[in-house]
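In this note's numbering, the protein residues as written are 7 to 179.
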Amino acid sequence: MDLVKNLIVEIEQLKAEKKFDIALQKLENSLSNYNDDYRIYEEIADIYLYLGKNTKALKAIDFALNINKDSATGNYLKGFLLLTSNKVVEAVELLEKSNSIMPNNSEVLRNLGWGYSVIGNYEKGIFILKRALNLAPNDRLITEDLAMALIGSGKIKEGNILLEKIGKNKILI
Numbered sequence: 007m008d009l010v011k012n013l014i015v016e017i018e019q020l021k022a023e024k025k026f027d028i029a030l031q032k033l034e035n036s037l038s039n040y041n042d043d044y045r046i047y048e049e050i051a052d053i054y055l056y057l058g059k060n061t062k063a064l065k066a067i068d069f070a071l072n073i074n075k076d077s078a079t080g081n082y083l084k085g086f087l088l089l090t091s092n093k094v095v096e097a098v099e100l101l102e103k104s105n106s107i108m109p110n111n112s113e114v115l116r117n118l119g120w121g122y123s124v125i126g127n128y129e130k131g132i133f134i135l136k137r138a139l140n141l142a143p144n145d146r147l148i149t150e151d152l153a154m155a156l157i158g159s160g161k162i163k164e165g166n167i168l169l170e171k172i173g174k175n176k177i178l179i
């Protein structure tokens, strides 16, 4: 039985209940037994992201990736962090790696598509965002990112239709 996996299931439940302090304490306590398991550090990073502590999240994810550089979750989390820090080219590289390890994850695809759109590769970004939306058709964040990418690429009407679909105001350009 994978004790770390059981711990992660418990941590996911605590995160769903927004009991981040308790989850973080359990993870930190587990480090004495599982300090070489990258998944613990990924969970710590994820909690720090929820708490808006991006510097701590980045340190935790770097530690996880030092243990396992091929972790799909680790590459996704670092890519997400870098994307939010406007280090878009590096973020896209990490998100591509995550996508190659864990294909068809709508959240990875959303961030990857948005990253491509931000660097001006709208065609690829929109294609990837549409793929993400096909996987998660009711996801408002994917819909909004796709709408903004479409608008950024000049397809204003198509983007505004998506914005209206999720109850957002139209963009007038």
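Here a beta-carbon is modelled for each residue, glycine too, at the ideal position from N, C-alpha and C.
Note that the structure is a prediction, hence the values are computed from the model and not measured.
The segment 92-109 and the segment 136-143 do not touch, with fewer than 3 CB-CB distances between them shorter than 8 Å. Rounded to the nearest whole angstrom, the C-alpha separation of residue 34 and residue 44 is 13 Å. The Cβ neighbour count for residue 170, taken over all protein chains shown within 10 Å, is under 16; the residue is labelled exposed.
Annotation: the segment 23-79 contains the following complete segments of the alpha helix (DSSP H) (minimum length 4 residues), in chain order: 26-40, 44-56 and 60-73.
Taking all protein chains shown into account, residue 49 has 16 or more neighbouring C-beta atoms within 10 Å of its C-beta and is therefore buried. Around the Cβ of residue 151, a 10 Å sphere holds 16 or more other Cβ atoms; the residue is buried. Looking from the CA of residue 64, the closest CA among 57, 74, 83 and 46 belongs to 83.
A straight line joining the alpha-carbon of residue 42 with that of residue 148 spans about 34 Å.
In the three-state DSSP reduction, residue 8 falls in the coil class, being neither helix nor strand.
Here the alpha carbons of residue 68 and residue 31 stand approximately 20 Å from one another. Here residue 108 carries a coil assignment [DSSP, helix/strand/coil].
Look at residue 159 here: in three-state DSSP terms it is coil, with no helix or strand label.
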